[in-house]
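Trainee: Each residue of the sequence shown is one higher than the last, beginning at 6 in this note's numbering.
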Amino acid sequence: MMIQFSQFLEVFVKNLSRYLILLVMAACSSGNNQKTAVTIKLSPETIEVPTIDFASSNPGMIHLFDSDSGEHVMIYNHVIKKLQISSFPEGKLKLTIPLEFDNEKRSRRFTGGTLIGNDSIFVTFYPPALGMINFNGELLWEQTLPEGNYRVSHIGNGSMIPLFISHDRVHGAQPFLMDHHRMSTSDIQKQSLVYSASLTNDKATWHEVYYALDYWEQGKKLSYFSWAKRASTFLLTI
């Protein structure tokens, strides 16, 4: 039996609305007892679901810290593309930090942030660059990274690879091999894994830190590591 596409679309949308209602009910009832009103606009052409102010975050973008007013958690809300600070463990939203870095001279995409100090958040951008913002989202400092021996197209930071300050320099890690599928075993010693930028001048550099020559001895595998800082020493867990 042949049916017109418009008839099929009408039946599809009618049935889809039932599943959407169940999905919203399940989402509102799971996890906590706080009720959230969500209005879904449905038409044959579009389905519009409004977002809420507080949304789940990538676990790698969660930062727990102490302040004068108690413990807080900072997350990156990827729905509204802003940083949010909430009290912990209550979860009460205290502050929303805008992340708008585009203007006529620069286009930067936020790729991660680490809270360092009382009101300074160091951030990474695409194309690869470092920056510092305050709690108003104002960009106070910025430094572009140079190209290394092997071109790196992306840098980021988060709970596993935070940014650190040591000797007036901001240090970051890049654990991902950029050209994984085409790289040879010898190529992995060409891409640096650690970079830094000076806070007192406009100099930035890639450091001579690489995966070991035998990293792919048993075959290619995903590249990743976490790191930490103890005094003036950086510790990498590979």
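For each residue, glycine too, the CB sits at the ideal point set by N, CA and C. All of these numbers come straight from a predicted model, not from anything done at the bench.
1. Closest to residue 147 by C-alpha separation, out of 190, 204, 83, 162, would be which residue?
2. Using the Cα positions of residue 172 and residue 207, report the straight-line distance between them to the nearest angstrom.
3. What's the call for residue 103, buried or exposed, on a 16-neighbour Cβ count within 10 Å?
4. Whole angstroms are fine: how far does the CA of residue 127 sit from the CA of residue 120?
5. To the nearest angstrom, report how far apart residue 142 and residue 105 are at their CA atoms.
6. What's the call for residue 162, buried or exposed, on a 16-neighbour Cβ count within 10 Å?
7. Run the CB neighbour count on residue 226, radius 10 Å, all protein chains shown included, and call it buried at 16 or more, exposed below.
8. Heavy atom of the ligand FMN less than 6 Å from the Cβ of residue 242, yes or no?
9. Considering only the beta carbon of each residue, do residue 197 and residue 185 sit closer than 7 Å?
10. Closest to residue 221 by C-alpha separation, out of 240, 182, 234, would be which residue?
11. How big is the Cα-Cα spacing for residue 195 and residue 72?
12. Are the Cβ atoms of residue 130 and residue 156 separated by less than 7 Å?
13. Helix, strand or coil for residue 184, going by three-state DSSP, please let me know.
14. Taking just the CA atoms, how far does residue 93 sit from residue 188?
15. For the beta strand (DSSP E) holding residue 137, just list the boundary residues, first then last.
16. Rounded to whole angstroms, what is the Cα-Cα separation between residue 239 and residue 193?
17. Just tell me which of 154, 210, 124 has its CA closest to the CA of residue 140.
18. So, under 8 Å CB-CB, residue 118 and residue 88 are touching, yes? Tell me the CB distance rounded to an integer number of Å.
19. Find the nearest neighbour of residue 86 within the set 66, 159, 149, 215, judged by alpha-carbon distance.
Mentor: On the basis of the data shown:
1. 204
2. 15 Å
3. exposed
4. 6 Å
5. 8 Å
6. buried
7. exposed
8. With respect to small molecules bound, the structure shown includes none, and the ligand FMN cannot be examined in it.
9. no
10. 182
11. 41 Å
12. no
13. coil
14. 44 Å
15. 134-138
16. 21 Å
17. 124
18. 6 Å
19. 66
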